[in-house]
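One structure is given below, encoded as structure tokens.
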Amino acid sequence: MSKAAVRRLDWRTGLGEFADCLLVGLLVALASVPVLTAPPAFAAGCRALDRARHGIGRPLWTTFWADFRRTARGGVAFAVACGAAVVLAAVDLEVAASMPGAGVLRPVLFVLAAVGVVVAVRTCEVIAGGDAPWRRAVVAAARETVGAPGKALLVAVAVALSAVLVWMLPVLALVVAGPLGLAAVATGVRR
């Protein structure tokens, strides 16, 4: 095979992965309409992207919905816990603003919130990797976040970049879960 043919094949493969990311982003957005299903939808998206990267389980939308049904068991409780953590972090940030030493306390709370978001994203990736219950997945994701801070930093950057993109162009909220899921799978716990 000539070098030009290999380059053309690589280009098509990259374009296929990009299309899979966009499709998964749309599927996750659709499945997340009831907000409590967002974590199971993201976990299903991670699993669908991982399968697509390895050429397993086509077509992508049917494997996504099958994985979504599987991950929805227990995922709603995880979503409620994540929602409670977000409310608690927001209250803590408001309270910290009125306390002496707020200049030190607020950045610490932001870092803790960022670590919580990274653990939540990695938990969805762990769920996508197997049949572990959500509680064990949280523990595995937290251990991996502490044990591999470089990978956790990459996920944090991906989350921050996703947030900036959605802030700049809100319509990207419909597809941003796909690239974020690919980042979670690429830096995943089971690699």
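Using this note's numbering, the letters of the sequence shown correspond one by one to residues 146 to 336.
Each residue gets a CB set at the ideal place from its N, CA and C atoms; glycine is no exception.
1. Counting pairs of beta carbons, one from the region 308-316 and one from the region 164-181, are three or more of them closer than 8 angstroms?
2. Below 6 angstroms CB to CB, which residues in the same chain sit around L325 once its five sequence neighbours on both sides are set aside?
3. How many angstroms separate the CA atom of L167 from the CA atom of V321?
4. Apart from the five residues on each side of it in sequence, which residues of its chain come closer than 8 angstroms, Cβ to Cβ, to A328?
5. Output the boundary residues of the alpha helix (DSSP H) element that contains S307.
6. Please determine, among V284, A229 and R267, the residue with the shortest C-alpha to C-alpha distance to G333.
7. Please state whether the Cβ-Cβ distance between G220 and P185 is less than 9 angstroms.
8. Taking 9 angstroms as the threshold (C-beta atoms), are R215 and A189 in contact?
9. Looking at A287: is its Cβ nearer than 9 angstroms to the Cβ of V256?
10. Between which residues of its own chain and K296 is the CB-CB distance below 6 angstroms, once the five residues before and five after are set aside?
Considering the structure as presented:
1. The region 308-316 vs the region 164-181: no contact.
2. Translated into positions along the sequence shown, residue 325 becomes position 180. Cβ within range, chain order: A303 and S307.
3. The residue labelled residue 167 in the question sits at position 22 within the sequence shown. The residue labelled residue 321 in the question sits at position 176 within the sequence shown. Straight-line Cα distance between these residues: approximately 8 angstroms.
4. As a working mapping, residue 328 is identified with position 183 in the sequence shown. Leaving aside the five residues that flank A328 on each side, the residues in its chain whose CB is nearer than 8 angstroms to its CB run, in chain order, L299, V300 and A303.
5. Here residue 307 corresponds to residue number 162 of the sequence shown, with the count starting at 1. Boundaries of the alpha helix (DSSP H) around S307: P294 to M313.
6. Along the sequence shown, read from residue 1 onward, the residue named residue 333 stands at position 188. If you compare the alpha carbons of V284, A229 and R267 with that of G333, the shortest gap goes to R267.
7. Here the question's residue 220 lines up with position 75 in the sequence shown. Here the question's residue 185 lines up with position 40 in the sequence shown. Taking a C-beta distance under 9 angstroms as the contact criterion, G220 and P185 qualify as a contact pair.
8. Counting from one through the sequence shown, the residue named residue 189 turns up at place 44. Counting from one through the sequence shown, the residue named residue 215 turns up at place 70. A contact, by the Cβ cut-off of 9 angstroms.
9. Position 142 of the sequence shown, counted from the first residue, corresponds to residue 287. Position 111 of the sequence shown, counted from the first residue, corresponds to residue 256. No.
10. As a working note, residue 296 is residue 151 in the sequence shown. The residues are T332.
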